[in-house]
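Peer 1: For the sequence shown, the numbering used here assigns the number 356 to the last residue and increments by one with no breaks.
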Amino acid sequence: MSQKVRKAVFPVGGLGTRFLPATKAMPKEMLPVVDKPLIQYAVEEARDAGIEEFYFVTGRGKTIIEDHFDRSYELESVLIEREKNALLAELQASVPKAGTVAYIRQQEPLGLGHAVWCAKRLVGNEPFAVILADDLILAETPCLKQMVTARDKMGGGNMLAAMEVLPQHTSRYGILSPGGEQDNLIEITALVEKPDPADAPSNLAVIGRYILEPEIFNLLENQSRGAGNEIQLTDALSAILGTSPFYGLKFDGTRYDCGDKIGFLEANIAFALHRADMQDDVKTFVTKIAQDA
Ligand code: G1P
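#1: Taking 8 Å as the cut-off, is the C-beta of Arg145 nearer than that to any heavy atom in ligand 1?
#2: For the putative contact between Asp298 and Gly176, defined by C-beta atoms under 8 Å, what is the C-beta separation to the nearest angstrom?
#3: Rounded to the nearest angstrom, how far is the Cβ of Pro205 from that of Leu275, given a contact under 8 Å?
#4: Anyone know if the C-beta pair for Ile114 and Leu254 falls short of 9 Å?
#5: For Glu256, does the three-state DSSP call read helix, strand or coil?
#6: Is Gln231 near ligand 1, going by C-beta to nearest heavy atom under 8 Å?
#7: Any heavy atom of ligand 1 closer than 8 Å to the Cβ of Asp197?
#8: For Met226, is the classification buried or exposed, using 16 other Cβ atoms within 10 angstroms of its Cβ as the cut-off for buried?
#9: Using C-beta distances below 8 Å, list every residue in its chain close to Met93, excluding the 5 sequence neighbours before and after it, in chain order.
#10: What did DSSP end up calling Leu229 once you bin it into helix, strand or coil?
#11: For my contact list, Val72 and Val106 are in at a C-beta cut-off of 8 Å; report their separation, rounded to the angstrom.
#12: Should Pro90 be labelled buried (16 or more other beta-carbon atoms within 10 Å of its own) or exposed?
#13: By the three-class DSSP mapping on this structure, what secondary structure does Phe334 have?
#14: Relative to the C-alpha of Phe280, which residue among Ile303, Phe117 and Asp198 is closest?
#15: What separation, rounded to the nearest whole angstrom, lies between the Cα atoms of Lys216 and Tyr118?
#16: Is any heavy atom of ligand 1 found at a distance shorter than 8 Å from the C-beta of Ile200?
#17: For the alpha helix (DSSP H) holding Ala152, just list the boundary residues, first then last.
#18: What does Thr204 pair with, by DSSP beta-bridge criteria?
#19: Cutting at 6 Å between CB atoms, please list the residues of its own chain near Glu108, excluding the five before and the five after it.
#20: According to the Cβ coordinates, are Met210 and Arg272 closer than 9 Å?
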């Protein structure tokens with residue numbers, strides 16, 4: 064049996080430039096899909112996968128995320144007064160238990176690899192998950208839970224979420240080179256960050272879910288800058304290939320790129336269509352808008 068994954072790191076320091084002007088004063092992780100901010104979906108997915116501790120790597124302008132995961136006594140007392148009990152219970156349930164959440168600042172925007180490294184002392188010497196909140200995944204079994212289950216079967220090691228993308232889009236993703244494949248688990252033989260389509264080893268992309276062994280921190284510590292002049296997580300991951308088992312899981316579910324305006328709109332419609340309280344209305348108006356267009 065592999066060591067339990069108890070901790071998750073949420074890199075939330077990014078500037079969200081693809082979503083300006085919405086993200087000028089508001090963190091992109093707080094953009095709501097239907098009625099819940101992206102970061103809350105990420106935290107709930109982590110919880111569903113058995114995560115007990117939540118570490119946010121933040122940056123300037125992101126303190127609203129801390130407020131979101133804190134109690135709001137003023138609001139709670141108003142909800143009590145108005146007897147909005149269901150809403151009150153929902154809000155209280157979304158706050159992590161005292162002592163299970165921590166925030167650390169990435170002082171400079173040096174890239175995803177550096178953001179993950181910032182959580183080194185919080186994570187310590189155990190496997191941990193990384194979730195990128197703008198990769199929102201609609202799935203019957205949450206993606207991270209699928210990964211935890213698959214990793215348990217393999218007895219541990221490193222794992223990331225993988226998905227086929229259009230060949231012309233490889234330069235938007237980390238791309239893996241596949242070895243053997245069994246039960247949707249692909250052995251990874253090489254990883255490259257954002258290759259041009261002509262240089263890409265496949266069209267299998269890394270999606271923002273990782274379970275990593277703590278050895279990655281040593282590599283991140285000495286990782287030089289890569290694509291986009293940033294310290295890339297993909298480059299450090301590439302360096303552990305061959306030394307430690309590493310798999311990509313072709314997860315069941317649909318991923319929406321919520322850092323992108325079209326992906327975000329799609330996610331809102333898809334998630335609303337999955338909500339019993341709104342699917343009929345949404346179906347009617349989506350059909351009507353499409354007919355009128
Ligand atoms: C990051 C990773 C990339 C991965 C992507 C998934 O890139 O560096 O390997 O494919 O997330 O969303 P970013 O989108 O932050 O540029």
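Note that the Cβ used here is the ideal one computed from N, Cα and C, for glycine as well. Keep in mind that this is a model prediction, so the values were computed, not measured.
Peer 2: Walking through what the data contain:
#1: Here the question's residue 145 lines up with position 82 in the sequence shown. No, Cβ of Arg145 sits at least 8 Å from all heavy atoms of ligand 1.
#2: What you label residue 298 is simply residue 235 of the sequence shown in a count that begins at 1. What you label residue 176 is simply residue 113 of the sequence shown in a count that begins at 1. Between Gly176 and Asp298 the Cβ distance is about 7 Å, and since that is below 8 Å, they are a contact.
#3: Translated into positions along the sequence shown, residue 205 becomes position 142. Translated into positions along the sequence shown, residue 275 becomes position 212. For a cut-off of 8 Å, the C-beta gap from Pro205 to Leu275 is around 18 Å, too long to register as a contact.
#4: As a first step, residue 114 must be located in the sequence shown, where it is residue number 51. As a first step, residue 254 must be located in the sequence shown, where it is residue number 191. Remark: C-beta atoms of Ile114 and Leu254 do not approach each other more closely than 9 Å.
#5: Position 193 of the sequence shown, counted from the start, is the residue given in the question as residue 256. The answer is strand: DSSP assigns Glu256 an E or B state.
#6: Position 168 of the sequence shown, counted from the start, is the residue given in the question as residue 231. If you check the C-beta of Gln231 against ligand 1, you find no heavy atom less than 8 Å away.
#7: Mapped onto the sequence shown, residue 197 falls at position 134. Between ligand 1 and Asp197, a heavy atom-to-CB distance of less than 8 Å is present.
#8: Along the sequence shown, read from residue 1 onward, the residue named residue 226 stands at position 163. Counting every other CB atom within 10 Å of its CB across the protein chains shown gives Met226 a total of 16 or more, marking it as buried.
#9: In the sequence shown, counting from the first residue as 1, residue 93 sits at position 30. So the list reads Pro100, Leu101, Ile102, Ile127, Ile128 and His131, once near-sequence residues are dropped.
#10: Looking up residue 229 in the sequence shown gives position 166. Per DSSP, reduced to three states, the secondary structure at Leu229 is coil, with no helix or strand assignment.
#11: Translated into the one-based positions of the sequence shown, residue 72 becomes position 9. Translated into the one-based positions of the sequence shown, residue 106 becomes position 43. 12 Å between Cβ atoms; not a contact.
#12: Walking along the sequence shown from the start, residue 90 turns up at place 27. Flag for Pro90 reads buried.
#13: For this step, residue 334 is matched to residue 271 along the sequence shown. Helix at Phe334.
#14: On the sequence shown, position 217 is the one that residue 280 refers to. It is Ile303.
#15: Mapped onto the sequence shown, residue 216 falls at position 153. Mapped onto the sequence shown, residue 118 falls at position 55. Straight-line Cα distance between these residues: approximately 26 Å.
#16: Counting from 1 along the sequence shown, the entry for residue 200 is found at position 137. Incorrect: Ile200 has no Cβ contact closer than 8 Å to ligand 1.
#17: Along the sequence shown, read from residue 1 onward, the residue named residue 152 stands at position 89. Looking at the DSSP string, the run of the alpha helix (DSSP H) that includes Ala152 is Asn148 to Ala156.
#18: On the sequence shown, residue 204 is found 141 positions in, with the first residue counted as 1. Bridge partners of Thr204: none, in fact.
#19: Taking the first residue of the sequence shown as 1, we reach residue 108 at position 45. Closer than 6 Å at Cβ, skipping near neighbours: Pro205 and Leu207.
#20: Here residue 210 refers to the residue found at position 147 when the sequence shown is read from its first residue. Here residue 272 refers to the residue found at position 209 when the sequence shown is read from its first residue. Taking 9 Å as the cut-off, the Cβ atoms of Met210 and Arg272 count as close.
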